[in-house]
Amino acid sequence: MRSKQIGIIGLCMLGFMVLVAIFAPLIAPYDPFTVTGAPFESPSGAHWLGTNDIGQDIFSELVYGTRTSLVVGFLSAFISTVIGVAAGVCSGWFGGWLDRLLMKVTTFFITIPFVPSLIILAVFVEPSMWATAIILGVMSWSSVARLVRSETMQIKTKEYITTIRAMGASSFYIITHHVIKELMPVILYRFSDRIKSGILSESSLAFLGLGDTISKSWGSIIYYAQNKNALLTGAWVWWIIPAGACICFVCFALILISYSSEAKKDIRNEV
0 MRSKQIGIIG LCMLGFMVLV AIFAPLIAPY DPFTVTGAPF ESPSGAHWLG TNDIGQDIFS
60 ELVYGTRTSL VVGFLSAFIS TVIGVAAGVC SGWFGGWLDR LLMKVTTFFI TIPFVPSLII
120 LAVFVEPSMW ATAIILGVMS WSSVARLVRS ETMQIKTKEY ITTIRAMGAS SFYIITHHVI
180 KELMPVILYR FSDRIKSGIL SESSLAFLGL GDTISKSWGS IIYYAQNKNA LLTGAWVWWI
240 IPAGACICFV CFALILISYS SEAKKDIRNE V
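In numbering that gives the first Met the number 0, the protein residues as written are 0 to 270.
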């Protein structure tokens with residue numbers, strides 16, 4: 000029950016941020032790309048978090064930035080999870096030459112240094128929210144594949160699976176109706192974990208100036224704040240801390256969801 004409550008709290012926290020992203024035009028008092036005040040204004044009734052170096056409302060940037068950060072996180076997690084689950088299930092279920100081939104490809108991606116590879120790809124690809132999400136997804140599926148392969152091999156040996164196979168059920172039927180169902184706690188765990196990693200990676204790339212610095216995201220907000228020496232002035236209080244707090248808030252929500260999914264997996268294994 001405790002793990003279920005923790006998961007519900009995490010879902011509520013994440014759901015709140017998703018609603019902020021969906022209703023950003025209604026929540027944000029200004030267009031984040033429009034100059035609405037003097038540069039470097041302090042927080043006031045007109046600008047709750049002040050303005051940036053060109054007079055754009057930081058609170059509006061923060062609200063619209065929720066969209067970019069969550070879209071990159073969810074899309075990259077979806078791509079890596081789909082590729083990882085497909086590779087892991089096929090490898091663990093069919094074995095043989097297919098298993099050896101897929102595991103060699105998986106090992107290759109595991110051995111590639113993640114951060115340097117992201118930086119190199121980001122330099123050569125035209126920066127955009129979609130490009131960042133695709134790069135993150137394609138580069139981060141290998142750990143999912145290894146975990147899913149291990150779980151699939153265990154599920155494959157279960158008595159009821161052996162019985163279904165003896166009755167003449169096809170591999171496609173068993174995988175889609177039974178194996179995926181058994182893997183769902185693992186898939187949800189890895190999916191929520193990949194969302195967190197995607198958001199952190201996007202923020203890191205944006206902070207380094209390698210993301211789409213034109214679009215509004217939590218990472219780009221911190222990037223411009225650092226570029227304009229906000230750390231050397233009092234502006235860091237309302238320019239950097241809110242964006243960092245949003246990143247921490249979403250990541251904490253995803254950690255709670257991941258914990259709940261992992262606890263469900265452990266309970267099912269005990270049963």
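From the three backbone atoms N, C-alpha and C, an ideal C-beta is built for every residue, glycine too.
Return the chain-ordered list of same chain residues with a C-beta closer than 6 Å to the C-beta of residue 74, the five sequence neighbours on each side being excluded. Working through the sequence shown from its first residue, we reach residue 74 at position 75. Around residue 74: 132.
Can you find the residues in the same chain that come closer than 6 Å, C-beta to C-beta, to residue 252, ignoring five residues on each side of it along the sequence? One-based indexing of the sequence shown puts residue 252 at position 253. Closer than 6 Å at the Cβ level, and outside the excluded window around residue 252, lie 9, 12 and 13.
Name the two residues that bound the continuous alpha helix (DSSP H) containing residue 128. Locating residue 128 in the sequence shown gives position 129, where the first residue counts as 1. Run containing residue 128: 128–138, per the alpha helix (DSSP H) assignment.
Using 8 Å as the threshold, is the C-beta distance between residue 85 and residue 59 below it? Your numbering for residue 85 matches position 86 in the sequence shown. Your numbering for residue 59 matches position 60 in the sequence shown. Their beta carbons are not under 8 Å apart, which means residue 85 does not touch residue 59 by this criterion.
Backbone secondary structure at residue 65 - three-state DSSP: Taking the first residue of the sequence shown as position 1, residue 65 is located at position 66. In this structure, residue 65 counts as helix in the three-state DSSP scheme.
Which residues mark the beginning and the end of the alpha helix (DSSP H) in which residue 279 is found? In this structure the chain extends from 0 to 270, so residue 279 is not present and cannot be described.
Determine whether the beta carbon atoms of residue 173 and residue 163 lie at a separation below 8 Å. As a working note, residue 173 is residue 174 in the sequence shown. As a working note, residue 163 is residue 164 in the sequence shown. Yes, Cβ-Cβ distance for residue 173 and residue 163 is below 8 Å.
Going by Cα to Cα distance, which pick from 40, 215 and 42 is closest to residue 126? Position 127 of the sequence shown, counted from the start, is the residue given in the question as residue 126. When only C-alpha atoms are compared, the closest one is 215.
CA nearest to the CA of residue 25, picked from 209, 62, 40 and 34: Along the sequence shown, one-based indexing puts residue 25 at 26. Selected option, being the one with the closest Cα: 62.
Counting beta carbon pairs with one atom in the region 42–57 and one in the region 111–130, are three or more of them shorter than 8 Å? no
The region 237–247 in contact with the region 154–162 per 3-pair CB rule at 8 Å: no
Within the same chain, show all residues whose beta-carbon is closer than 7 Å to that of residue 272, passing over the 5 residues directly before and after it, in chain order. Past the boundaries of the shown model lies residue 272; the chain is included only from 0 to 270, so the question cannot be answered.
Counting C-beta neighbours from all protein chains within 10 Å, is the total for residue 197 16 or more, i.e. buried, or is it exposed? On the sequence shown, residue 197 is found 198 positions in, with the first residue counted as 1. Classification of residue 197: buried, given that the 10 Å Cβ count is 16 or more.
Distance cut-off 7 Å: residue 102 Cβ against heavy atoms of the ligand FMN: Inclusion of the ligand FMN in the displayed structure is not the case, the ligand content being empty and no account of it being possible.
Segments assigned alpha helix (DSSP H), at least 4 residues, entirely inside the region 56–100: 57–93
Could you say which of 189, 206 and 202 lies nearest to residue 78 if we only look at CA atoms? Residue numbering aside, residue 78 sits at position 79 when the sequence shown is read from its first letter. Of the listed residues, the one whose Cα sits closest to residue 78 is 189.
Is the region 145–155 in contact with the region 220–235, if contact means three or more CB pairs nearer than 8 Å? no
Simplified DSSP assignment, three categories, for residue 122: Residue 122 sits at position 123 when you count from the first residue of the sequence shown. If DSSP states are grouped into helix, strand and coil, residue 122 belongs with the helices.
Can you tell me whether residue 166 is buried or exposed, with buried defined as 16 or more other CB within 10 angstroms of its CB? As a first step, residue 166 is located in the sequence shown; it is residue number 167 there, counting from the start. Burial call: exposed.
Whose CA, out of 224, 187, 82 and 249, lies closest to the CA of residue 207? Within the sequence shown, residue 207 is the residue found at index 208, counting from 1. Here the closest residue by C-alpha is 224.
Spatial neighbours of residue 76 in its chain, beta-carbon cut-off 6 Å, leaving aside the 5 residues before and after: For the purposes of this step, residue 76 is taken as the residue at position 77 of the sequence shown. Within the same chain, residue 76 has close Cβ partners 190, 193, 194 and 197.
C-alpha gap between residue 248 and residue 69, whole angstroms: The residue you call residue 248 lines up with position 249 of the sequence shown. The residue you call residue 69 lines up with position 70 of the sequence shown. Cα to Cα, residue 248 sits roughly 12 Å from residue 69.
With a 10 Å radius around its C-beta and 16 neighbouring C-beta atoms as the bar for buried, classify residue 65 as buried or exposed. Translated into positions along the sequence shown, residue 65 becomes position 66. Buried, since its Cβ has 16 or more Cβ neighbours within 10 Å.
Output the distance between the C-alpha atoms of residue 45 and residue 219, rounded to the nearest integer angstrom. Your numbering for residue 45 matches position 46 in the sequence shown. Your numbering for residue 219 matches position 220 in the sequence shown. Looking at the two C-alpha atoms, the distance is approximately 23 Å.
Inspect the beta-carbon positions of residue 121 and residue 209 and report whether they are closer than 8 Å. Counting from 1 along the sequence shown, the entry for residue 121 is found at position 122. Counting from 1 along the sequence shown, the entry for residue 209 is found at position 210. Taking 8 Å as the Cβ cut-off, residue 121 and residue 209 qualify as a contacting pair.
According to DSSP, residues forming a beta bridge with residue 50: Here residue 50 is taken as the residue at index 51 of the sequence shown, counted from 1. Its beta-bridge partners are 56.
Distance, residue 119 Cα to residue 82 Cα: By one-based count along the sequence shown, residue 82 stands at place 83. By one-based count along the sequence shown, residue 119 stands at place 120. Going by the C-alpha atoms only, they are around 22 Å apart.
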